[in-house]
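2 protein chains.
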Amino acid sequence: MNSFVYDIPVRVYFGENQLHHLGEELRKYGRRVLLTYGGGTIKRIGLYDRVVEELRKADMELFELSGIEPNPRIESVREGVKICKEQGVDVLLAVGGGSTIDATKFMAAGACVEHDAWEFFGADAKPIERALPIVTILTLSATGSEMDSGGVISNPDTQDKLGRLAPAMLPKVSFLDPTLTYSVSAYQTACGAADIMSHIMEVYFNMNKDLFMLDKFMEGMLKTVVRFAPVAIAEPENYEARANLMWCSSWAINGFINGGRKKAWSCHPMEHELSAVYDITHGLGLAILTPRWMEYCLDESNVERYVSFGVNVFDIDKSLPKMDIARESIKRLEEFFFRTLGLKSTLREVGIGREHFESMARKACRYGDIRGFKTLTPADVERIYEMCL
Amino acid sequence: MNSFVYDIPVRVYFGENQLHHLGEELRKYGRRVLLTYGGGTIKRIGLYDRVVEELRKADMELFELSGIEPNPRIESVREGVKICKEQGVDVLLAVGGGSTIDATKFMAAGACVEHDAWEFFGADAKPIERALPIVTILTLSATGSEMDSGGVISNPDTQDKLGRLAPAMLPKVSFLDPTLTYSVSAYQTACGAADIMSHIMEVYFNMNKDLFMLDKFMEGMLKTVVRFAPVAIAEPENYEARANLMWCSSWAINGFINGGRKKAWSCHPMEHELSAVYDITHGLGLAILTPRWMEYCLDESNVERYVSFGVNVFDIDKSLPKMDIARESIKRLEEFFFRTLGLKSTLREVGIGREHFESMARKACRYGDIRGFKTLTPADVERIYEMCL
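Just so you know, the sequences run in chain order G and P.
All you need for our numbering is the position in the first sequence, starting with 1, plus 479.
All you need for our numbering is the position in the second sequence, starting with 1, plus 479.
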């Protein structure tokens, strides 16, 4: 059991009608705010007007950058950095899902350095020591970016999609209002659920023994998503369902569940290569990959983890033989993703063939074999992609 | 479901061999440190010498206040305040369990005001707006004071034992090294386990509907304590057991599990009156009270909570009639406290008779009826005390 440091100083306003705290929180950092968002959703649901009204009441000076795309690109980051520098922005306000928040984090960091923001990524990445303060208003429960210090950015020129963590990019404050996710489509709700579950499973499936208490918390969150994602899809304005998904999205990845576990994640690097080349929704890619990865890794040495997962998340009868429980747990996860949530189940269905598997597998292992639950070489990754066809 | 603010900016160094970070953390706040502790335990286990050595390496100037008692008294707080003021202390370092940490919090707050520290308590309590920074090193898993902003202080002159919360008193940093609890006796380990469970159950038994995800976390922590407290008693140097109890102690009361639940706690105010008059161990008082309180409150309107508790914490067969599950859950809790943990089961066994029940019940309701899981009047409290005889 390894030692660890717990340090998550994000303040979260959770629930409806908390937005009147926005002005007071932003004003702690100055007057000049850069508002970042994606498409028209925040205008359609009336959130844009509410935010602008709060900023006006707090006498903030507003700059805007809209059009941040899903799988956000380095070009958007560069635009944001330019505005921050030219306008002397004091604080960034990201309104949206993980893509907007991720991009905003690197704008905040890029505003504090002279070099290009893409130099924060890759093998010889530049350090991220400072960032302008970031406040977020979340509109999609999925990535957990609202309460963690990481982000993932795509570079279409190099077909790279790379992640980076840095404590300086941790949001100061995040507003989590479940009602802001009422308009999220069934498809995006399903992809978000898969993303949340993957964040938990990347840690849960780990051969490092760690705190039982954290295993129980992970199983509890997985059960919560399994229970409430279908409710949110069937009844988009069910507050209880949206609230549970939202708080799980933050706690799946804010670092608490890690304890002292230090193993690499497996499905995320494999998925990033898929969405770097094909621009598929991140959560969908994870849903397709995860059960196949579980199947590929299963053996006598690690079967106990699958048993705990199956018994405690899917209530599989614990008196069955262990291997049967393990296989059943994979089947139940597939049923959940592909039947209950209605996600497509193969790469072929989303228009992806094997033509780039070799290069994607190589890139997924760009820093060496993936030393996660089970060590994966490029050849292993390629075989897992094949299983997803 | 109510809204809430989540804000726990305590940095925690968890695990063995983290104490080399002590100097760097303290130095953020200045050079003059007041070290507070209780009896001789920290010297006996070698912790005192390790701390002093770290302070020396960081070139800190050391002041000391030892002898802080269990159920800490206002007089200790006053002594600490005096040292802080006279010596211009920059930061307080509490080394011990909840009593030492609680007392230290009010020293830190008292050092910032002119009035007597007892004026922080009671109906006309003075505000706590500032406090000197506090760092803690935990040696007992129980109260959770290492990660919350509250504390409880006794005043023998008035036979009062009163609690107070204030964000300013939240520790900046806490060191949680499970090996520092290896020498905790079986009795204190048992009392600590009861205290942790009570903190969770005070929130879990609540008629406000809140996040399912948090219910699952609470059940997971309760299961963790039920599993590992007996292990820690049987094998005092079992790291896994001590680590699980320690991290549960913090998360049982740091505010996370509350979500939007705002109901009053029930067993704690009843217990505080017991230990104000009789000076019994807080956790033992809670262990005696909790099953009787559950029995007193149980009815058709709230039976579902007992069912969830019994099924998810004690694995009681969920196909049984609800009332049977509820009663069985109380029985299982009693067995756990009084047989597995070996705690005394009645007030009479610890030398407490009914002579002060009426006045203690009145004091437990000093701010009005206890509006918790079930509203309790002074007459109800008295009847619950009677059930504990």
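For glycine and all other residues, C-beta sits at the position ideal for the given N, C-alpha and C.
| Query | Result |
| --- | --- |
| Beta carbons nearer than 8 Å to chain P: which residues of the segment 695-713 of chain G have them? | LYS695, PHE696, GLU698, GLY699, MET700, LYS702, THR703, ARG706, PHE707 |
| Whose Cβ in chain G lies nearer than 8 Å to the Cβ of P:ALA665? | Residues of chain G passing the Cβ test: none, with the nearest at roughly 21 Å. |
| In chain order, what residues of the same chain lie with their CB nearer than 7 Å to the CB of P:GLU504, ignoring the 5 residues before and after it? | VAL614, VAL652 |
| Three or more beta-carbon pairs under 8 Å between the segment 516-524 of chain G and the segment 731-740 of chain G, yes or no? | no |
| At what residues does the beta strand (DSSP E) containing G:LYS640 begin and finish? | 639-644 |
| Give the range of the beta strand (DSSP E) segment to which P:TYR485 is assigned. | 483-485 |
| Please list, in chain order, the chain G residues whose beta carbon lies closer than 8 Å to that of P:PHE691. | THR703, ARG706, PHE707, GLU719, ASN723 |
| Against chain P, does G:VAL491 count as a neighbour if the rule is that its beta carbon must be under 8 Å from one of theirs? | yes |
| For the segment 777-796 of chain P and the segment 694-705 of chain P, state whether three or more C-beta atom pairs, one from each stretch, are separated by less than 8 Å. | yes |
| Pull the bridge partners of G:PHE735 from the DSSP assignment, please. | Partner(s): none; G:PHE735 has no beta bridge. |
| Taking just the CA atoms, how far does G:TRP597 sit from G:THR637? | 11 Å |
| Give the list of continuous alpha helix (DSSP H) stretches no shorter than 4 residues that lie fully inside the segment 758-784 of chain G. | 761-776 |
| What is the rounded straight-line gap between the Cα of P:GLU593 and the Cα of P:MET586? | 12 Å |
| If you draw a straight line from the C-alpha of G:GLU783 to the C-alpha of G:GLU495, how long is it? | 41 Å |
| By the 8 Å beta-carbon criterion, what residues does the segment 492-513 of chain G contribute toward chain P? | TYR492, PHE493, GLY494, GLU495, ASN496, GLN497 |
| Mind pulling the chain P residues with CB within less than 7 Å of G:TRP726? | LEU690, MET692 |
| Would DSSP call G:THR854 helix, strand or coil? | strand |
| Among P:ILE736, P:ASN723, P:GLU719, which one has its Cα closest to the Cα of G:CYS727? | P:ILE736 |
| Using a Cβ-Cβ distance under 8 Å, would G:MET480 count as near chain P? | yes |
| For the segment 770-792 of chain P, enumerate the residues whose C-beta is nearer than 7 Å to any C-beta of chain G, in chain order. | none |
| Only counting the same chain, and skipping five residues up and downstream in sequence, which positions put a Cβ closer than 7 Å to that of P:ALA722? | PRO657 |
| Write down the C-beta distance between P:THR665 and P:LEU724 rounded to the nearest angstrom, noting that I regard them as a contact closer than 8 Å. | For the record, residue 665 of chain P in the displayed sequence is Ala; it is not Thr. Contact flag wrong, Cβ pair sits at about 13 Å. |
| DSSP state of G:ILE849, grouped into three classes? | strand |
| Looking at the C-beta of G:TYR661, does it have a partner C-beta in chain P at a distance below 8 Å? | no |
| Taking 8 Å as the CB-CB cut-off, is G:VAL574 touching chain P? | no |
| Using a C-beta cutoff of 8 Å, does G:GLY739 count as contacting chain P? | yes |
| Please classify P:GLN566: is it buried, with 16 or more other beta-carbons within 10 angstroms of its beta-carbon, or exposed? | exposed |
| In this structure, what does DSSP give as the bridge partners for P:VAL631? | P:GLY642 |
| Verify the CB distance criterion: does P:ASP636 have a CB-CB separation below 8 Å to chain G? | no |
| Using 8 Å as the threshold, is the segment 746-765 of chain G in touch with the segment 829-838 of chain G, meaning 3 or more CB pairs across them? | yes |
| Quick check on G:PHE483 - is its C-beta less than 8 Å from some C-beta in chain P? | yes |
| Excluding five sequence neighbours on each side, which residues of the same chain lie with their C-beta closer than 6 Å to the C-beta of P:LYS801? | VAL782, VAL786 |
| Using only alpha-carbon positions, find the residue among P:GLY699, P:PHE599, P:LYS742, P:VAL705 that is nearest to P:LYS688. | P:LYS742 |
| Are the C-beta of P:PRO488 and some C-beta of chain G separated by less than 8 Å? | yes |
| For G:VAL491, does the three-state DSSP call read helix, strand or coil? | strand |
| Looking at P:VAL792 and P:LEU701, is the spacing between their C-beta atoms short of 8 Å? | yes |
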